[in-house]
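Everything on this sheet refers to the single structure shown next.
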Amino acid sequence: MKKGFAVAASMLLAAGCLAGCQKKQVQPGDVAGFDPGEQYLSLWVHSIEDTEEGQAYRQSVDRFNEVYNGKYFADIEFIPRNNSGGGYSDKVNASVMSGGLPDVLTVDGPNVAAYAANGIIQPLAELTLEERSIYLESILEQGTYQDKLYALGVMESSVGMYYNKDILKKAGIEVPEAGNPWTRTEFLEILEKLKPVMDEMGGYPLDMTFPVGEASIYYYAPFVWSDGGDLVSEDGLCVDGFFNSDEMVKAMGFFRTMVEKKYMSEAPIEHLFESGRAAFKFDGAWEVNTVYQNYPDIPLGVAPYVVGDDWDKGRYTPTGSWAYAASSNTENLEGATELVKWMSGVESGIRIWELSKTFPSTYEAFEQIDVFQTDENYRMLYEQLKEYGHPRPKTPVYPQVSTSFQQALESIALSGQDTKQVLDKSVERINAKLERYTRK
Amino acid sequence: MKKRSSSLLGMAFFGPALVLLTIFLFVPMVMTLIFSFTDYFALNPDLTHFVGLENYVKIFKDELFVQSFVNTVCFVLIILPCQGIGALGLALLINKVTHCKKYFKVAFFVPVVMSLAVVSTLWMQIYSPEGILNTLLGNIGISTQPFIHSARQALPSIAVMSVWQGVGYQMIIFLGGLQAINPGLYEAAEMDHASEWQKFKDITLPELKPLCVFVFITVTIGAFRMIVQPMVMTGGGPSHSTYTMVYNIYETGTVNWEIGLASTMAIVFAVFVMALTVIQSILTRDKEEKHVNKKAKRN
């Protein structure tokens, strides 16, 4: 009897929970602003509403509902994401199982391939050539998997090779023009020349680290790409011969030299560049704003990203950010695509810049924002993005590729382990994750 | 009838907890066990197959899993004596102190109430090349140490920080135990001219024994579960030197979406820790019983 009661109670509660998880059909009037005759579109974003970024999304959705009044109604839900990527993605994973995915959701650029390969998102409805042409090449590339466009982002990003103008002037070093970057050999000579100058100042030529997380592959994969190498095959399903290629070996050797010759500190020193004790620094585009706001005394310049000695003028610089995609659950692909286009469009792009100082993703947005015309550093970063932006590897096992890259840097550059051996082991580890896709 | 109604009343009190425990503890545990025999992939649950013991074979062949296991055991081996003896030492000292007792108690307990993430961030500053510790070392002529940025020093550095953070809790437990010891025992010992060491060895330690067992087991389990410190401070590096089992489980399950494999690791981990706890309690209980038996025989 007792047992029966307990079992019945727990089953009742479980059933209640499950029922609560089921996706409810939203009816006109349930949400303020959703009128009869409109098609309902749900949208998930990976942000907190109270942040500047969240406000930009909220305003963009409100504008969408104004412009498409009578046709569509978009309902935005904010799902916070923690630093290591949990939270938002946990919710997405859980909904994949329970079937509660929204019509449109945000996906981190490098995860587009995994989400597409596993049928969580579907290709967007056909865009006209004109509609496509407003977006930067890099944002279209990032959203494309196996020749189909899945995602469009409102944000783009870039990494600058920043330099301290005074230090370089003192050392008599001329920074090359955009489009004519230093090669690795040239760059090593410059670092050698800077070494005694920086030693005197109690600093290093480079403010550089191999941080855990996404930053390492984002900052340093260009050193492989610009040498003609790649981390994965074009279909994203093979790493042997790519991740352990000669180009990878050469790039890793380059980073090892940086550490061995003490061009950079082995352990990260905070604010080395910002305190005027480093000549160069690799960092995201946000660094420009940080220096302008908090370190106005640092004479900041942006140099073209260093290339491999065999650079063929191809695309190689860091890009990528979160993007909007239509989930496979949506029955209204046309509407979802409209929403994706709106949320990633020119107006939304200008707004994301104004509120959160994140780069937009369309040519027109960049042209309409003054600072990209008037400020040489911002203009340089935009030009680099436009001409040379290269998305991160497109493979369904991206998380493993990203961690392996960072760990290889740590093991080879910092700990001095055997390059080929470390890379071969990484290939083995990535292959184990790829098995799921290759055996099908 | 009365018995029946009282059992119903008991059920009513116990029921809500049971329901919650069932949903949030027992069901997930059983699900983890079931998933551990499948290739469940979070992004594509429809393609889940039953794979038997394949996952178990796979993880034991995986060098990274073995390394994370070894790292965790090393961590526990450093933490256990340091934290246990440290806590006892601090408790004894504070027990002797006559002035500012409250101040010391609070001072040693403050790190316990701070979030591990906050403490980790704080110690990253302390360990940084231009941080307090390296500056102090520099003053006494020792060169700058990399600490958490070196494969050799990272794990011990994290362990030192963890002891600093956790020791206050065990100290309070020991302090409670010390104050509960009957002062008559010490008075009797003094009459027999027992030395301080004899008093500690023959009165304090045996009286604290049950507490020692408790501290021993909780510290062990707590140390095995380490994840926050490496996650915040080193990301498991350099060269996987601070990659722990729980961190591995987390990354496999949430970053690489391989729930099946992560479940297998979790099961192996849980079984290991449970076995260890059982062994610990058997070992310590046995001695106690033997002790009692001997006494009884003598009498």
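Going down the list, the protein sequences come from chains A and B.
The first sequence runs 1 to 440 under the working numbering.
The second sequence runs 1 to 299 under the working numbering.
Glycine is no exception: its CB is placed at the ideal position from the N, C-alpha and C atoms.
Source: prediction; values computed, not measured.
Residue-level contact to chain D via CB, residue i, 8 Å cutoff
| i | result |
| --- | --- |
| D227 of chain A | The structure shown contains no chain D; the protein chains it does contain are A and B. |
Any chain B beta carbon closer than 8 Å to residue i
| i | result |
| --- | --- |
| E52 of chain A | no |
| I120 of chain A | yes |
| S442 of chain A | Only positions 1 to 440 of chain A appear in the structure, and residue 442 of chain A is not among them; the question remains open. |
| I79 of chain A | no |
| Q146 of chain A | no |
| P296 of chain A | no |
| Q22 of chain A | For Q22 of chain A, the predicted structure reports a pLDDT of 47, less than 50, and the residue's modelled location is therefore unreliable. The matter cannot be settled from this model. |
| E270 of chain A | yes |
| L441 of chain A | No information on residue 441 of chain A is available, as it lies outside the stretch 1 to 440 that chain A covers here. |
| S348 of chain A | no |
| A15 of chain A | Per-residue confidence for A15 of chain A stands at a pLDDT of 46, beneath the threshold of 50, marking its modelled position as unreliable; the derived number appears in the next sentence. Chain B, which has no Cβ nearer than 8 Å to the Cβ of A15 of chain A, makes this no. |
Closest Cα partner of residue i within the set the options
| i | options | result |
| --- | --- | --- |
| L178 of chain B | B:K199, B:M191, B:T204, B:S162 | B:T204 |
| E251 of chain B | A:V302, A:T403, A:A74 | A:T403 |
| Y363 of chain A | A:E130, A:E66, A:E266 | A:E130 |
| Y218 of chain A | A:S275, A:G416, A:G109, A:N332 | A:G109 |
| K254 of chain B | A:G314, A:N180, A:P399, A:D297 | The question names Lys, but residue 254 of chain B in the sequence shown is Thr. With distances taken between Cα atoms, T254 of chain B lies closest to A:P399. |
| Y220 of chain A | A:G253, A:L191, A:H271, A:K261 | A:G253 |
| E258 of chain B | A:G54, A:A178, A:R351, A:E435 | A:E435 |
| A74 of chain A | A:L381, A:L409, A:Q417, A:V340 | A:V340 |
| R225 of chain B | B:Y243, B:P238, B:S239 | B:Y243 |
| V427 of chain A | A:L231, A:D375, A:V302 | A:L231 |
| F214 of chain B | B:I173, B:I126, B:A266 | B:I173 |
| R429 of chain A | B:P28, B:L64, B:L47, B:L9 | B:L64 |
| P196 of chain A | A:I167, A:K386, A:K433 | A:I167 |
| P28 of chain B | B:V273, B:K209, B:S263, B:V271 | B:S263 |
| T72 of chain B | B:F104, B:T98, B:M245 | B:M245 |
Residue i: first and last residue of the uninterrupted beta strand (DSSP E) it sits in
| i | result |
| --- | --- |
| A325 of chain A | 322-327 |
| D207 of chain A | 204-207 |
| V259 of chain A | Where V259 of chain A is concerned, there is no enclosing beta strand (DSSP E), although the alpha helix (DSSP H) it sits in stretches over 246-260. |
Host alpha helix (DSSP H) of residue i (start-end)
| i | result |
| --- | --- |
| S443 of chain A | With chain A covering 1 to 440 only, the question about residue 443 of chain A has no answer from this structure. |
| F104 of chain B | 101-113 |
| G176 of chain B | 154-180 |
| K313 of chain A | Counting along the chain, K313 of chain A falls outside any alpha helix (DSSP H), and DSSP gives it neither H nor E. |
| A278 of chain A | From DSSP, A278 of chain A is part of no alpha helix (DSSP H) but of the beta strand (DSSP E) over 278-284. |
| E54 of chain B | 54-61 |
| S199 of chain A | The sequence as given places Asp at residue 199 of chain A; Ser does not occur at that position. Taken as a continuous stretch (DSSP letters only), the alpha helix (DSSP H) holding D199 of chain A covers 184-200. |
| T242 of chain B | From DSSP, T242 of chain B is part of no alpha helix (DSSP H); its letter is neither H nor E. |
| M97 of chain A | 88-98 |
Cutoff 7 Å; reference residue i; Cβ partners in own chain excluding five residues on either side
| i | result |
| --- | --- |
| P123 of chain A | K148, L149, Y150 |
| T337 of chain A | L124, A125, A326 |
| L90 of chain B | F108, V167, M171 |
| G52 of chain B | F37 |
Per DSSP, cross-strand counterpart(s) of residue i
| i | result |
| --- | --- |
| V45 of chain A | A:F78 |
| Y145 of chain A | A:K148 |
| A303 of chain A | A:M161 |
| L105 of chain A | A:W44, A:A325 |
| Q122 of chain A | A:A326 |
| F214 of chain B | The partner list for F214 of chain B (beta bridge, DSSP) is empty, contrary to what the question assumes. |
| P318 of chain A | A:H390 |
| Q229 of chain B | Answer is none; Q229 of chain B lacks a bridge partner. |
| M155 of chain A | A:P360 |
| T39 of chain A | The amino acid occupying residue 39 of chain A in the given sequence is Gln; Thr does not appear at that position. Q39 of chain A is bridged to A:Y72. |
| Y115 of chain A | According to DSSP, which records beta bridges pairwise, Y115 of chain A is partnered with nothing at all. |
| Y135 of chain A | A:T362 |
| T38 of chain B | B:F50 |
Same chain, Cβ closer than 8 Å to residue i, neighbours up to 5 away in sequence not counted
| i | result |
| --- | --- |
| Q373 of chain A | E367, R379 |
| S239 of chain B | A151 |
| L77 of chain B | none |
| R351 of chain A | A56, Q59, S60 |
| D424 of chain A | N244 |
Own chain, CB closer than 6 Å to residue i, minus 5 neighbours either side, in chain order
| i | result |
| --- | --- |
| W342 of chain A | F64 |
| A117 of chain A | P396 |
| Q22 of chain A | Note on Q22 of chain A: pLDDT 47, under 50, position unreliable in the model; no value is reported. |
| L116 of chain B | V228 |
Cβ of residue i within 8 Å of any chain A Cβ
| i | result |
| --- | --- |
| A42 of chain B | yes |
| W123 of chain B | no |
| E196 of chain B | no |
| V255 of chain B | yes |
| E130 of chain B | yes |
| A91 of chain B | no |
Distance cut-off 7 Å: residue i Cβ against heavy atoms of the ligand ZN
| i | result |
| --- | --- |
| L261 of chain B | The ligand ZN is absent from the structure shown, which contains no ligands of any kind. |
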